[in-house]
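Participant: According to the numbering used here, the sequence shown is numbered sequentially starting from 5.
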Amino acid sequence: MLIKRQDGSGIMRVDIAFGKAWGSLGMGISSRLMRDRLADRPTFLNALASVSGGRLIPVPGGVLIYDKEGEAIGAVGVSGDTSDKDEYCAIAAIKAEGYQPEPGDPSATWRESNL
Numbered sequence: 005m006l007i008k009r010q011d012g013s014g015i016m017r018v019d020i021a022f023g024k025a026w027g028s029l030g031m032g033i034s035s036r037l038m039r040d041r042l043a044d045r046p047t048f049l050n051a052l053a054s055v056s057g058g059r060l061i062p063v064p065g066g067v068l069i070y071d072k073e074g075e076a077i078g079a080v081g082v083s084g085d086t087s088d089k090d091e092y093c094a095i096a097a098i099k100a101e102g103y104q105p106e107p108g109d110p111s112a113t114w115r116e117s118n119l
């Protein structure tokens, strides 16, 4: 596990980023897809929150990492800007290291998102 935190950032940012990555690994899908699938399933979301001990953060920014053989080998979680921009950063970092992110591309509207 690698954790990086910018000086002056909120103390919860690390926990939020971890929850995005942890939830993605736990469910086997990106945190964006998790958010979309759980939007109209509040009972299941509550169950996931309970079994995860509250660690699950189902908003964009948790991105799965796949190797060349198509095996999930980890996840990246980013927090610090809007969730769509967090996800963009995670995807770009994974691609820069030669791995395949899931999702493969950021939200089409990531540039327009504002805090």
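Ideal Cβ positions, reconstructed from N, Cα and C, are used throughout, including at glycine. None of these values were measured; they are calculated from a predicted model.
Which residues does DSSP list as the beta-bridge partners of Glu106?
Facilitator: Answer is Leu68, bridged to Glu106.
Participant: Within this structure, are the beta carbons of Glu91 and Gly58 separated by less than 7 Å?
Facilitator: The answer is no: Cβ separation not under 7 Å.
Participant: Quick check: what's the CA-CA separation for Ser117 versus Met31?
Facilitator: Answer to the nearest angstrom: the Cα atoms are 26 Å apart.
Participant: First and last residue of the alpha helix (DSSP H) that includes Val18?
Facilitator: Here the alpha helix (DSSP H) through Val18 covers 17 to 31.
Participant: Quick one: any contact between the stretch 48 to 63 and the stretch 17 to 26, if contact means 3 or more CB pairs under 8 Å?
Facilitator: Yes, they touch.
Participant: Determine whether the beta carbon atoms of Pro105 and Val67 lie at a separation below 7 Å.
Facilitator: The answer is yes: Cβ separation under 7 Å.
Participant: By the three-class DSSP mapping on this structure, what secondary structure does Ile95 have?
Facilitator: It is helical.
Participant: Measuring only the C-alpha atoms, how far is Leu49 from Ser35?
Facilitator: For Leu49 and Ser35, the distance between alpha carbons rounds to 12 Å.
Participant: What is the residue span of the alpha helix (DSSP H) that Val55 lies within?
Facilitator: Unbroken alpha helix (DSSP H) run through Val55: 46 to 55.
Participant: In terms of residue numbering, what span does the alpha helix (DSSP H) encompassing Ser13 cover?
Facilitator: Careful: Ser13 lies outside any alpha helix (DSSP H) and carries neither H nor E.
Participant: Considering only the alpha carbon of each residue, which of Glu75, Ala100, Gly84 lies closest to Ile15?
Facilitator: Measuring from the Cα of Ile15, the nearest candidate turns out to be Gly84.
Participant: Between the Cα of Ile33 and those of Arg9, Ile77, Arg115, Met5, spot the shortest distance and give me the residue it belongs to.
Facilitator: The candidate whose alpha carbon is nearest that of Ile33 is Ile77.
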